[in-house]
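The structure appears below as structure tokens.
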Amino acid sequence: MAILLNLVKIYKKNDDLVETFINELNIENINKNSLITLSEKLLEFTFHTKSWWKNGYSTEELLIIMRESNDKYKKSKSEMNEVEKYLVAAVNLYETIHKDKFIDIYNHYHKDNKIMSLDTEYLLADETPISMDILKANFIEQYDDYFVNDALINYEDTVEYLKMKKNKPCYISNKTEFIKYLDSYYFEKDKHYYELLNFVKKEIVKDDKEYAEEILDDIQIGCSMSNKFSTIMNEFQRIGIIFDCEDQVRKLSELVIKFYNNTRMWENNGHTPNEIRRLSNLNKPKKEIGRNDPCPCGSGKKYKKCCMNKEKN
1 MAILLNLVKI YKKNDDLVET FINELNIENI NKNSLITLSE KLLEFTFHTK
51 SWWKNGYSTE ELLIIMRESN DKYKKSKSEM NEVEKYLVAA VNLYETIHKD
101 KFIDIYNHYH KDNKIMSLDT EYLLADETPI SMDILKANFI EQYDDYFVND
151 ALINYEDTVE YLKMKKNKPC YISNKTEFIK YLDSYYFEKD KHYYELLNFV
201 KKEIVKDDKE YAEEILDDIQ IGCSMSNKFS TIMNEFQRIG IIFDCEDQVR
251 KLSELVIKFY NNTRMWENNG HTPNEIRRLS NLNKPKKEIG RNDPCPCGSG
301 KKYKKCCMNK EKN
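Using UniProt numbering, read the sequence shown as starting at 1 and increasing by one per residue.
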């Protein structure tokens with residue numbers, strides 16, 4: 001549908017492109033206005049047509065559902081107590097959170113107002129209610145002792161997935177940054193984001209900043225879900241991007257890889273791949289260096305003749 005929208009925009013602005021398009025498709029006896037009308041009718045058709053990839057809904061119906069959900073979501077945010085806000089932020093950042101782990105995280109940010117236990121009826125410490133309606137409005141469900149993004153409920157390997165994530169530490173930001181995740185659309189925009197954004201804007205979509213930002217929103221979602229690199233790059237093909245040359249693809253790939261490696265991922269409990277690698281290296285047991293082994297500093301000397309005494313001192 002985005003492609004059809006772009007077709008309508010482009011056709012109204014570019015006579016040469018229309019003529020080329022007509023020739024490529026070998027369409028006879030059709031003029032610019034007819035082609036625009038055809039595109040607009042196709043757009044209207046897709047808007048009202050139900051399809052399997054939209055779960056049996058038409059785009060029109062989906063937009064109505066999204067508007068209703070958004071209204072309920074906005075209302076729920078205004079009604080949340082402090083615990084609910086942090087629970088929603090935690091699920092948005094981590095995708096899943098064990099209730100005991102959430103208590104640890106909440107207490108980390110609320111040292112003067114800690115909670116001791118948690119369930120959906122009340123907090124035993126102060127009987128503050130937790131509304132499942134508010135959680136559901138924010139796409140959160142319960143799965144055993146976990147609060148999870150509702151998309152995970154139907155995932156066939158949920159149990160194994162939760163076990164895998166349990167062994168990874170949760171990313172803990174400062175309090176101001178953490179609560180930003182109350183907005184389900186929020187994500188950190190570091191230098192790698194802006195480098196990729198500027199390249200896409202200048203080299204791919206010819207200074208259409210809004211379109212470039214929309215593309216990066218989709219790319220970020222793919223990265224946060226740990227999608228394969230090929231799947232992420234295919235997003236450009238899906239939306240009809242045609243690259244100018246191999247060098248352009250190479251530069252784009254390099255920027256996407258950097259962006260990917262610095263994106264906070266659900267699978268990593270909010271850590272980026274680079275952060276997980278650094279944590280893994282820190283936790284690796286240090287190999288014992290023998291006195292007569294080559295010194296790891298690369299000097300070519302034996303360890304006992306080089307850095308051993310320095311480290312002792």
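Where is the CB? At the ideal position from N, CA and C, for every residue including glycine.
### Candidates ASN92, TYR86, LYS85 and ASP100: closest to TYR185 by CA position
ASN92
### Task
Could you tell me which residues DSSP puts in a beta bridge with THR96?
Listed as beta-bridge partners of THR96 by DSSP are VAL148.
### Message
Tell me which residues share the same chain as ALA89 and place their Cβ nearer than 7 Å to its Cβ, disregarding the 5 neighbours each side in the sequence.
### Response
PHE178, ILE179, TYR181 and LEU182
### Query
Is it the case that the Cβ atoms of MET265 and SER230 are separated by a distance below 8 Å?
Taking 8 Å as the Cβ cut-off, MET265 and SER230 do not qualify as a contacting pair.
### Message
Classify MET132: buried if its beta carbon has 16 or more other beta carbons within 10 angstroms, exposed otherwise.
### Response
Counting the other Cβ atoms within 10 Å of the Cβ of MET132 gives fewer than 16, which makes it exposed.
### Query
Nearest CA to the CA of HIS108: which residue from TYR146, THR176 and ILE140?
That would be THR176, whose Cα lies nearest to the Cα of HIS108.
### Query
If you draw a straight line from the alpha carbon of LYS228 to that of ILE257, how long is it in whole angstroms?
11 Å
### Query
Taking contact to mean at least 3 C-beta pairs separated by less than 8 Å, is the segment 159 to 168 in contact with the segment 204 to 220?
no
### Message
Please classify ALA137 as buried or exposed, where buried requires at least 16 other C-beta atoms within 10 Å of its C-beta.
### Response
buried
### Query
What is the DSSP secondary structure of TYR122, reduced to helix, strand or coil?
In this prediction, TYR122 has a pLDDT of 46, which is less than 50 and means its spatial position is unreliable; what the coordinates show is noted afterwards. Correct three-state label for TYR122: coil.
### Task
Can you grab the Cα-Cα spacing for the pair ILE115 / GLU84, in whole Å?
Each residue's Cα considered, the two are about 13 Å apart.
### Message
What does the alpha-carbon distance come out to for the pair HIS110 and ASN174?
### Response
12 Å
#### Entry: TYR143, enclosing beta strand (DSSP E) - first and last residue
140 to 143
### Task
Counting only runs of 4+ residues fully inside the segment 228 to 277, write out the alpha helix (DSSP H) ranges in chain order.
Segments of the alpha helix (DSSP H) lying fully in the segment 228 to 277: 229 to 238 and 246 to 261.
### Query
Smallest Cα separation from ASP218: which of LYS206, PRO294, ASP207 and GLN237?
GLN237
### Query
Exposed or buried, what is LEU135 when buried is set at 16 or more other beta-carbons lying within 10 Å of its beta-carbon?
buried
### Message
Please classify LYS191 as buried or exposed, where buried requires at least 16 neighbouring CB atoms within 10 angstroms.
### Response
exposed
### Task
Report the rounded CA-to-CA distance for CYS307 versus SER280, giving the unit in angstroms.
25 Å
### Message
Taking CB distances under 8 Å as the criterion, tell me whether ILE257 reaches chain C.
### Response
No chain C is part of this structure, which consists of one protein chain only.
### Message
Using C-beta distances below 7 Å, list every residue in its chain close to CYS170, excluding the 5 sequence neighbours before and after it, in chain order.
### Response
TYR94, LYS101, ILE105, ASN269 and GLY270
### Task
Check each candidate in GLU267, LYS251 and ASP145 and name the one with the smallest Cα separation from LEU196.
LYS251
### Query
Should GLY240 be labelled buried (16 or more other beta-carbon atoms within 10 Å of its own) or exposed?
Per the 10 Å Cβ criterion, exposed.
### Message
In whole angstroms, give me the CA-to-CA distance for ILE242 and VAL205.
### Response
10 Å
### Message
Between the alpha carbons of ASN274 and GLN248, how many angstroms are there, rounded?
### Response
So the alpha carbons of these two residues sit roughly 25 Å apart.
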